[in-house]
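**Student:**
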Amino acid sequence: MGIVSFGSLSMVFGAAAEPVDEKLSIDGKEMTIVAPAPSEPEGHPFKEVKSGWLYREAETRQVESDSFENPGMLNVERGEEIWNTVEGAAGKSCASCHDDAAESMKGVGANYPKWNEKEQKPFNVELQINACRTERMEAEPYKFDVQDQKDLTAFIKHQSLGEPTKVDLAEGEMMDWWQKGKDRYYLRTGQLNLSCASCHEDNSGQYIRADHLSQGQTNGFPTYRLKQSNLVSIQNRFRGCIRDTRAEYPAAFSDELMALEVYTAWRGSGLSVETPAVRQ
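Quick note: the sequence shown uses this note's numbering, first residue 10, plus one each step.
1. Note down the Cα distance separating G16 from D36, rounded to an integer number of angstroms.
2. Would you say A111 and P285 are within 8 Å of each other, going by their C-beta atoms?
3. Can you tell me whether R252 is buried or exposed? The criterion is at least 16 other CB atoms within 10 Å of its CB, across all chains shown.
4. Whole-angstrom Cβ separation of A44 and V29, contact assumed at under 8 Å?
5. Would you say R142 and E149 are within 8 Å of each other, going by their C-beta atoms?
6. Nearest-angstrom Cα distance between Q244 and T273?
7. Would DSSP call L83 helix, strand or coil?
8. Look up I217 in the DSSP assignment and say whether it is helix, strand or coil.
9. Is P131 closer than 8 Å to T41 when the C-beta atoms are compared?
10. Give a yes or no on whether the C-beta atoms belonging to Y151 and N133 are separated by under 8 Å.
11. For G116, is the classification buried or exposed, using 16 other Cβ atoms within 10 angstroms of its Cβ as the cut-off for buried?
12. Where does E57 sit, in a helix, a strand or coil, going by DSSP?
13. Would you grab the beta carbon distance between R87 and D160 for me? Rounded to a whole angstrom, and I think it's under 8 Å.
14. Assuming F247 is part of the alpha helix (DSSP H), what are its boundary residues?
15. Please name the residue or residues paired with W124 in a DSSP beta bridge.
16. Provide the residue(s) that pair with N228 in DSSP beta bridges, ordered along the chain.
17. In whole angstroms, what is the alpha-carbon distance linking L222 and S263?
18. Should N93 be labelled buried (16 or more other beta-carbon atoms within 10 Å of its own) or exposed?
19. If F55 and Q215 are in contact, beta carbons under 8 Å, what's the gap, nearest whole angstrom?
Laid out in structure tokens, this is it:
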């Protein structure tokens with residue numbers, strides 16, 4: 010057992026345990042849950058990237074592998090209702106422009122964040138939804154983490170279930186944002202003086218209390234967390250982790266968190282979209 014001390018504070022990491030050696034299939038689609046780490050840009054810390062599903066307990070793994078058991082699928086169904094609901098002064102729904110999401114959104118969620126030329130910054134799915142709402146539907150943008158935003162995001166990303174994730178770093182200034190995200194990933198913060206890498210790289214595979222630390226991959230977000238009985242967005246999870254270091258967390262969709270989302274998406278390149286993944 011390892012103890013990392015920071016003055017009067019300490020984090021206790023238990024014995025290491027290998028992730029399970031199993032295959033994940035959802036709705037007849039085999040998920041890629043282990044893939045070669047991306048070679049460009051150089052410097053990925055792992056030889057292989059591994060889905061967080063491999064680090065979860067057997068009961069949790071089973072829930073995700075069966076769509077009838079996965080409670081996050083209720084949110085996906087609600088997201089489909091939102092997709093087809095007319096809102097805003099323009100009298101449009103998402104379907105008015107994009108028709109059947111099973112066709113128009115297939116593969117889309119696997120390639121976010123993407124460079125947005127107009128705003129000169131990366132956009133995630135949530136920001137793209139808000140842009141469509143304001144510019145096309147003439148509706149109010151969603152406030153961060155409202156239920157409809159999470160459900161619609163999950164529905165859109167679910168259309169890419171099984172598709173390999175890949176971020177295009179050649180677009181616009183994505184490489185600059187990748188570097189900013191990398192710097193943030195290794196930045197130690199808070200009273201506990203921890204970075205993202207402290208748990209998901211330096212201690213990946215070990216236990217902190219009852220939690221088996223994974224590589225921190227983001228291919229399953231929005232993720233259904235049994236602990237919260239709801240979907241959790243990726244930026245909510247970022248903020249929660251930063252809060253747990255006893256630091257002040259950044260605003261949602263801030264440049265700091267968008268850069269971190271770009272970098273973490275790259276770290277898991279090649280893993281299948283699992284949305285909605287199930288975690289403890």
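Heads up, the beta-carbon is just placed ideally off N, CA and C, and yes, glycines get one too.
**Tutor:** By the coordinates alone:
1. Residue confidence is low: G16 scores 41 on pLDDT, short of 50, so the model does not pin down where it sits. Its coordinate-derived value is still stated next. Those two C-alpha atoms are separated by around 50 Å.
2. For the pair A111 and P285, the CB atoms are not nearer than the 8 Å cut-off.
3. exposed
4. Not a contact, Cβ separation roughly 16 Å.
5. yes
6. 11 Å
7. helix
8. strand
9. P131 is positioned such that its CB atom lies no closer than 8 Å to that of T41.
10. no
11. exposed
12. strand
13. 4 Å
14. I243 to D253
15. BP columns for W124 point to P131.
16. In the DSSP output, where bridge partners are listed per residue, N228 has none listed.
17. 26 Å
18. exposed
19. Contact between F55 and Q215 is ruled out by a C-beta separation of about 15 Å, above the 8 Å threshold.
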